[in-house]
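Read the structure below first, then the notes.
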Amino acid sequence: MTTVFPLAVRFGMLYFVLVHGFDTVAQVTDICFQYDTNGCSVPFDLPFFFKTLFTPSCNRHDVCYSCGVDYNISKDHCDKAFQGDTSAACRSHYLNSPPTVGQTTSSHHQQIMSHRKTVLYLINKHYEKFQSVLSRSMVKYIELFQTMELDRFIIQYQDHVIVNWVQILANLLSQHNHMAYPTQQNKVLTNFFQDIIQPKRTVPCIDIKHKTRSKNSIDFLKFEQNVLSILEKIPAAIFKTKLNQLKNMLLQGDNSETKYCEKIRNDVDSSTMCAKFQERITCNEIKLLVCLFFSDVYYLAVELFGYSSYHNEAEFYCNESFVHKCLPAF
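Positions -21 to -1, 1 to 309 (mature numbering (1 follows the signal peptide of the UniProt record, and there is no 0)) are the ones given, in order, by the sequence shown.
Take a look at the structure:
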């Protein structure tokens, strides 16, 4: 993808959202792994469990960019499929993750699963509310980028979004729990269960080339133009300085999942509006929201700066049989 920004800018624009947590070794469970495709061809790496969750999607996206033209697949479709894949990975991980407590009874397990399905249903139904916070916060914090230390910039942006998302989810849960009797809720969840893991929703399409928009979508093109206009005013030297700061940061040791969860819960608890709903938002819900945050922001980075690792070798690997399994479905 062509861009006028220097390498430091391309490397630095959205790197700040990908520094929390711990790296884990991705399991070789996807056909794209088995053929050694690199994947995630944006100029920064993914941290902790996102590498496990997102790399299969990154590999498919990488192959889609390089080989999609041979199968009449557009770049826009590759990007949308990538965002859908990563979001689905977050949802599946949340739905299938073990309880935070020890062994549970069958009845307790059913209660946990019912609650998780409710959470996923509500996020799917109201996701534009979450993305509206994401876009507004991005523009706000990008404007502060020059005047803040990088570590403060990273933490404040992510925390600001997650705290607001937790508040939204808490209120949605409260409204939902008072909306209908349990039997009615179960009927609603049954009807929408197929959309929970593979949500049929508008993704934040900001494709510069295609400029395709849903009539119900947020104006992410305007959001993108705002971000790019701000970045153009920031000298490349500032990015280099902040990237050097980033290399010297050891945030992982201070941002374990437990500590981060406690911090977010305390921030939410300090809000009078949402304090009474605090008990409904568990650490698993916070981890889900963080995962969806990374999914959306990484999608924006891929759309803006993504390219294929194998664009110089397309004639070799685009003829391989695994390509059909890596390309996104229509």
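Virtual Cβ for every residue (Gly too), placed ideally from N, Cα, C.
For the candidate residues the options, whose alpha-carbon lies nearest to that of residue i?
i      : options                          : result
Lys54  : Tyr73, Cys69, Thr65 and Asp41    : Asp41
Met102 : Cys37, Glu264 and Ser249         : At residue 102 the sequence reads Ile, which differs from the Met that was named. The shortest C-alpha separation from Ile102 is found at Glu264.
Cys262 : Val281, Tyr73 and Tyr136         : Tyr73
Asn75  : Glu299, Gln135, Lys96 and Ser153 : Lys96
Ile134 : Cys46, Tyr239, Cys37 and Ala280  : Tyr239
His303 : Gln90, Pro35 and Gly47           : Gly47
By Cβ distance below 6 Å, which residues in the same chain neighbour residue i in space, the five residues on each side in sequence not counted?
i       : result
Trp144  : Phe109 and Leu268
Val(-5) : Legend: pLDDT at Val(-5) = 37, less than 50; position of this residue unreliable, no value from coordinates given.
Thr29   : Looking at the sequence itself, residue 29 is Phe, so the reference to Thr does not match. Correct list, in chain order: Phe273.
Gln89   : none
Phe295  : none
For residue i, which residues from the same chain have a beta carbon less than 8 Å from its beta carbon, with the 5 sequence-adjacent residues on both sides left out?
i           : result
Ser274      : Phe33, Gln62, Thr65, Ser66, Ala68 and Cys69
Val98       : Tyr73, Leu148, Leu152, Glu264 and Leu267
Asp138      : Lys242, Ile243 and Asp246
residue 336 : A question about residue 336 goes unanswered here, because the residues of the chain that appear run from -21 up to 309.
Between residue i and the ligand ZN, is the CB less than 8 Å from at least one heavy atom?
i     : result
Gly63 : The ligand ZN is absent from the structure shown, which contains no ligand whatsoever.
Given residue i, which residues of its chain have a CB within under 7 Å of its CB, disregarding the five upstream and five downstream residues?
i      : result
His105 : Leu151
Ile52  : Cys43 and Leu306
In whole angstroms, give me the CA-to-CA distance for residue i and residue j.
i           : j      : result
Pro307      : Ser249 : 43 Å
residue 311 : Ile243 : Outside the shown range of the chain (-21 to 309) lies residue 311, about which nothing can therefore be said.
Cys270      : Gln154 : 24 Å
Cys43       : Leu283 : 16 Å
Met92       : Ser86  : 10 Å
Phe272      : Leu113 : 8 Å
Asp49       : Tyr100 : 37 Å
Arg39       : Cys11  : 7 Å
Glu122      : Ser116 : 10 Å
Pro78       : Cys297 : 42 Å
Asn245      : Cys37  : 34 Å
residue 338 : Tyr136 : The first residue shown for the chain is -21 and the last is 309, placing residue 338 beyond what the model contains.
Asn156      : Glu107 : 21 Å
Phe301      : Thr84  : 43 Å
Glu299      : His94  : 43 Å
Val140      : Pro35  : 26 Å
Going by DSSP, what residue range makes up the alpha helix (DSSP H) through residue i?
i      : result
Ser287 : That residue, Ser287, is in no alpha helix (DSSP H); it is neither H nor E in DSSP.
Asn51  : Counting along the chain, Asn51 falls outside any alpha helix (DSSP H), and DSSP gives it neither H nor E.
Glu299 : That residue, Glu299, is in no alpha helix (DSSP H); it is neither H nor E in DSSP.
Query - Secondary structure, alpha helix (DSSP H): runs of 4+ residues fully inside the stretch 72 to 114 - result: 85 to 104
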